[in-house]
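Quick mapping for you: the protein sequence lines, in order, are chains A and B. Going by the working numbering, the first sequence opens with residue 932, and the numbers climb by one from there. Going by the working numbering, the second sequence opens with residue 13, and the numbers climb by one from there.
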Amino acid sequence: MTLKQENRRLSRRLGVVAVVMFGFAFALVPFYNQICVALGINNLDQPSVVTNTQVDRSRTVTIELDSNAHNMPWRFRPLVGHVTVHPGEITMVEYEIVNVREAPVTGQAVPSYGPQRAGEYFQKVECFCFTQQTLAAGETRRMPVVFVVDPKLPRDVETIALSYTFFEVAGRGGKI
Amino acid sequence: MSAVVHDHGHAHDDHHHGPYGGIMRWVTTTNHKDIGTMYLWFSFAMFSIGGLMAVGIRLELFTPGLQFVDPDFFNQLTTMHGLIMVFGAIMPVFVGFANWQIPMMIGAPDMAFARLNNWSFWLLPFAATLLVLSFFMPGGAPGVGWTMYAPLTVQMGIGMDLTIFAVHLLGMSSILGSINIITTILNMRAPGMTLMRMPLFVWTWLITAYLLVAAMPVLAGAVTMTLTDRHFGTTFFNAAGGGDPVLYQHIFWFFGHPEVYIIALPGFGVISQVIPAFSRKPLFGYASMVYATSAIAIISFIVWAHHMYTVGMPVTGQLFFMYATMIIAVPTGVKVFNWVATMWKGSITFETPMLFALGFLFMFTLGGFTGLVLSVVPIDIQMHDTYYVVAHFHYVMVAGALFAAFAGVYFWLPKWTGNMYNETLGKWHFWLTLIFFNMIFFVQHFLGLAGMPRRIPDYPLMFETWNKISSIGAFGMGLAQLLFLYIVIQTIRGGVKAPQKPWEGADSLEWTHLPTPAPYHTFEVQPVIK
């Protein structure tokens, strides 16, 4: 084989390596998600498995409900501002969204908690944030959140702010 | 064919024609020396632009409060300073060295793919233009930090798209250049030049080129995902569609940490040529240097998350990345000890290249130590995004890579131009750079320890003294580089003629086999290495 052919062969092989590594960047996406599932981190939009249903009647926790729509044509609000619950008690609250755009819109809600460390004790059994929501033009929808506050919640936490932010899923055009 | 042309051909010998005249020489050249020169000048231009941005940053930070630039423009300056210095200045300068030196050091006539080499270079000015143009777009240049973290990148204006395309072009240029370098080194060495006889500069570039081929495409993937998130409705990093901004950080730093060594390793190579030459002793522990370099390259792929201890990863993850990071200190330590052992009982003289090499040795080791401090998880959580980190990486990037580049320029300038540079001015350049560099960055350790956050255009009054000193250092270091430009131009234009081997202890092929200045074409007949 001449030098020219050898050079070409080596450069082709190195080119394949570069292309494979480009693909590897995209392969990191499912890999990362699997790691998160396996290690149980970052599972905001997964239903919790409630193991302890013992109700702790010795104290109450106030859950403050908050809602935001991030650059979205949606009116999004909780039906009540706050509820008071005993840890371990199964509770349901409702939120309402109104799509004010003359077209269907798809959105995804992302929950967050204040204080942040309360998040791991706030177990959502049913939540509209588990799936994307698509509303037809002008549609109004009420959606439940069913949750249990883990009785292991540290005693100094007396109030938990549950805040949902809806983001528009761009490019979806209201289709699921 | 006329007799005149025939004579002309005889006088030059068919294969030994010179370059075309004028601008077309540089546009069309496939000569590794011309392309190396263009890389070096390009990176100096970028170094000047990025340096001006740094001066802008330090000007704003000279006193507390907002004086010269608004915070948004400050963010754009820090972002573009980082991108331009990393991708426009430091990476191309070592590709310039590779182009000039690798064929001469291994006894090859040119690079393996000469025309591809030309194209690799000419992608760079277009990428740089895109980067600079982004300042003039609506919304300005991206102010997201050089790491281009989501979700900010998803929200920026059109300047972000220009930056993404610039990164694509820069990546393409690096990958093509690396394929060229690997092919040249593996296939085109002179007879007898076995792998373990190659000068260490060639070895470090071989390993760097492999790192580039493996890491740059991952960055291309990350910015491509950002691009499709911005315009095509994907949600890789957008929480709304089930994406995750932390995922971006993982992908970016999977590229980003090898990138740190892509910048550092060729500098190690230059230092490994300079220190033996001025100690008049062969490099101590050649084989261990090769193995240490390879070990650094391999380990660099499993330490990326030490840049992101604070994202909320499991403790097990933090421990893994902490210990992996600490392990890198072992091969790096091997290299530092080998350089010191090379000088031990050597007959040392202190010309400018050696001064820069010694400056490198002290300052880079200091930067390595602060890196080791930062690898400790609880300390890093305290120091994360403070000026301590800024000081750390400028010690390895500037006093490491940039000092190595200066050492290399002064070391090889006689061979490239045929003239000796002005030794007195060179020494002035070294001492000014060293003193002002430490004025800028040593005090930033104190600022970081006291809690001053990076990337913020304002600060509390208590930080004022150190910030003033740091800013004065920055202005001084900027001016000192004008002296460097003057020295280089003066050397190109004339001066004392350099002998074939101006450095007594230098022993690689360009000194022992080639006249000074190096002819336009070299080693068309490969030498046999005994």
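Note that CB positions come from ideal geometry on N, CA and C, so glycine has one too.
With contacts defined by Cβ atoms closer than 8 Å, Thr382 (chain B) and Tyr407 (chain B) form a contacting pair. Neighbourhood of His262 (chain B) in chain A, by CB distance below 7 Å: Leu959, Tyr963, in chain order. Contact check for Tyr161 (chain B) against Gln261 (chain B) passes: the beta carbons are separated by less than 8 Å. DSSP, read as helix, strand or coil, puts His1013 (chain A) in strand. DSSP lists A:Ser1094 as the beta-bridge partner residues of Asp997 (chain A). Counting only the Cα atoms, Leu367 (chain B) lies some 12 Å from Ser291 (chain B). Counting only residues of its own chain and dropping the five nearest sequence neighbours on each side, Met228 (chain B) has a CB closer than 6 Å to the CB of Gly183, Ser186, Ile187. Beta-carbon to beta-carbon, Ser55 (chain B) and Ala101 (chain B) are separated by about 5 Å, close enough to satisfy the 8 Å threshold.
With respect to the 8 Å criterion, Tyr32 (chain B) and Asn111 (chain B) are not classified as neighbours on the basis of their beta carbons. DSSP, read as helix, strand or coil, puts Met160 (chain B) in coil. Gly1045 (chain A) is outside the set of residues whose beta carbon lies under 8 Å from a beta carbon in chain B. Here His441 (chain B) is actually not in contact with Phe475 (chain B); their C-beta atoms are around 31 Å apart, not less than 8 Å. The stretch 1067 to 1085 of chain A and the stretch 1021 to 1041 of chain A touch, with no fewer than 3 CB-CB distances between them shorter than 8 Å. Between the alpha carbons of Ile499 (chain B) and Arg467 (chain B) lies a gap of roughly 34 Å. Looking at the backbone, the Cα of Trp356 (chain B) and that of Ala289 (chain B) are separated by about 13 Å.
If the five residues before and after Tyr303 (chain B) are omitted, its C-beta is found closer than 7 Å to no C-beta atom of its own chain. Taken in chain order, the complete beta strand (DSSP E) segments of 3 or more residues contained in the stretch 1015 to 1060 of chain A are 1022 to 1030, 1036 to 1045, 1053 to 1057.
Under the DSSP assignment, Val1079 (chain A) falls in the beta strand (DSSP E) whose first and last residues are 1071 to 1080. Relative to Phe59 (chain B), the option among B:Asn479, B:Leu414, B:Phe248, B:Gly485 whose CA is nearest is B:Leu414. Not a single CB atom of chain A sits nearer than 8 Å to the CB of Asn130 (chain B). For the stretch 933 to 948 of chain A, the set of positions with a beta-carbon nearer than 7 Å to some beta-carbon of chain B reads Leu934, Glu937, Asn938, Leu941, Ser942, Leu945, Gly946, Val948 in chain order. Annotation: the continuous beta strand (DSSP E) that includes Thr1065 (chain A) extends over 1064 to 1066.
Put simply, of B:Pro115, B:Pro163, B:Asp470, B:Val388 the residue whose alpha carbon is nearest the alpha carbon of Phe333 (chain B) is B:Val388. In the DSSP assignment, the residues bridged to Asn431 (chain B) are B:Lys509.
The beta carbon of Thr1096 (chain A) sits closer than 6 Å to those of Asn999, His1001, Val1041, all from its chain and outside the five residues before and after it, given in chain order. Here Met1023 (chain A) is exposed: its Cβ has fewer than 16 other Cβ atoms, across all protein chains shown, within 10 Å.
Residue-level contact check: Gly253 (chain B) touches chain A, since one or more beta carbons of chain A fall below 8 Å from its beta carbon.
With contacts defined by Cβ atoms closer than 8 Å, Leu259 (chain B) and Phe249 (chain B) form a contacting pair. Listed in chain order, the alpha helix (DSSP H) runs fully inside the stretch 178 to 223 of chain B amount to none, counting runs of at least 4 residues. In terms of Cα proximity to Asp173 (chain B), the closest of B:Arg37, B:Ser190, B:Pro154, B:Trp158 is B:Pro154. Legend: CB atoms of the stretch 1087 to 1098 of chain A lying less than 9 Å from CB atoms of chain B belong to residues Thr1096, Phe1097, Phe1098. In the structure shown, Pro288 (chain B) falls within a helical segment according to DSSP collapsed to helix, strand and coil. Taking the beta carbon of Gly233 (chain B) as reference, the chain A residues within 7 Å of it are Phe953, Ala956, Phe957, listed in sequence order. Contacts between Asn199 (chain B) and chain A, judged by CB atoms closer than 7 Å, involve Leu934, Glu937, Asn938, Leu941 in chain order. Rounded to whole angstroms, Trp1005 (chain A) and Gln1047 (chain A) show a C-alpha spacing of 26 Å. If you ignore the 5 residues before and after Lys347 (chain B), its C-beta comes within less than 7 Å of the C-beta of Phe280, Met301, Ala304, all in its own chain and listed in chain order.
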